[in-house]
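Q:
In the UniProt record's numbering, the protein residues as written are 1 to 204.
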């Protein structure tokens with residue numbers, strides 16, 4: 001049987017069903033309105049959700065996750081500043097100790113200090129403040145070879161023997177300048193040494 005014959009038989013069967021239905025309506029006394037209604041011959045079911053390929057679905061999932069993360073990171077305009085503070089003390093491997101404490105008001109102003117003490121009893125305490133005026137530190141130490149010097153918003157308060165450094169630095173302190181190696185000179189190495197080291201003479 002050809003395709004056209006099959007379609008023709010389907011239409012005949014459909015019209016026979018309509019005729020039988022009309023006869024039943026007539027017997028029951030109901031009026032036949034089937035001729036006024038459009039006849040639906042075929043209906044295609046369409047999925048309400050479009051089918052997506054695996055790669056499209058993966059892109060959709062990644063974008064959804066990124067949007068969720070971005071929305072969760074939005075700053076709450078009504079959030080209150082969160083102050084914090086912490087502190088610790090620890091023994092070092094060489095027998096000394098170190099510690100740090102800090103507190104912040106949640107608005108960007110931070111203050112704190114850290115301490116380092118060696119086995120011989122030399123200690124360095126650095127008190128610092130960071131706020132709208134910048135970072136400022138005060139260093140208190142009893143380490144030998146240090147002097148009471150102030151530079152770059154750092155105050156150095158030394159109670160150790162300065163070995164005459166303070167007298168050498170009376171007046172303004174120039175910024176240290178590192179020596180420049182001639183171009184093409186191989187094997188030159190720069191070493192940071194304390195100002196009390198004899199190798200530092202002439203550079204400060």
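Every residue gets a Cβ at the ideal spot worked out from N, C-alpha and C, and that includes glycine.
Along the chain, where does the beta strand (DSSP E) containing residue 56 start, and where does it finish?
A: Careful: residue 56 lies outside any beta strand (DSSP E), inside the alpha helix (DSSP H) at 54-72.
Q: Quick one: Cα of residue 117 to Cα of residue 95, how far?
A: Spanning the two alpha carbons is a distance of roughly 9 Å.
Q: Compare the C-alpha of residue 98 against each of 125, 63, 147 and name the closest.
A: Minimum Cα distance to residue 98 is reached at 125.
Q: Mind checking residue 82: buried by the 16 CB within 10 Å criterion, or exposed?
A: The residue is exposed, with fewer than 16 neighbouring Cβ atoms inside 10 Å.
Q: Use the C-beta contact count for residue 245: other C-beta atoms within 10 angstroms, 16 or more gives buried, fewer gives exposed.
A: Past the boundaries of the shown model lies residue 245; the chain is included only from 1 to 204, so the question cannot be answered.
Q: Find the nearest neighbour of residue 100 within the set 109, 106, 113, judged by alpha-carbon distance.
A: Of 109, 106, 113, the residue nearest in Cα terms is 113.
Q: What separation, rounded to the nearest whole angstrom, lies between the Cα atoms of residue 85 and residue 59?
A: Near 43 Å, if we compare the C-alpha coordinates of residue 59 and residue 85.
Q: Go ahead and pull the three-state DSSP assignment for residue 9.
A: DSSP places residue 9 in helix when its eight states are reduced to three.
Q: Among 136, 140, 132, which residue has its Cα nearest to the Cα of residue 105?
A: The shortest Cα separation from residue 105 among 136, 140, 132 belongs to 132.
Q: Let me confirm a value: residue 146 is counted as buried when at least 16 other C-beta atoms fall within 10 Å, else exposed. Which label applies?
A: Looking at its Cβ environment, which holds 16 or more other Cβ atoms inside 10 Å, residue 146 is buried.
Q: Which whole runs of the beta strand (DSSP E) in the UniProt region "Disordered" (86-114) are 3 residues long or more, in chain order?
A: Taking only runs of at least 3 residues, the beta strand (DSSP E) segments lying wholly in the UniProt region "Disordered" (86-114) are 97-104.
Q: What residue from 91, 130, 102, 115 has the CA that sits closest to residue 207's CA?
A: The structure shown does not extend to residue 207, since the chain is modelled only from 1 through 204, so no value can be given for it.
Q: Please look up how many angstroms separate the CB atoms of residue 128 and residue 103, rounded, as I've assumed it's under 8 Å.
A: With a Cβ gap of about 12 Å, residue 128 and residue 103 do not count as contacting.
Q: Can you tell me where the beta strand (DSSP E) with residue 134 in it begins and where it stops?
A: Counting along the chain, the beta strand (DSSP E) containing residue 134 begins and ends at 134-141.
Q: Beta-carbon separation of residue 140 and residue 157 under 9 Å?
A: Yes, the Cβ-Cβ distance between residue 140 and residue 157 is below 9 Å.
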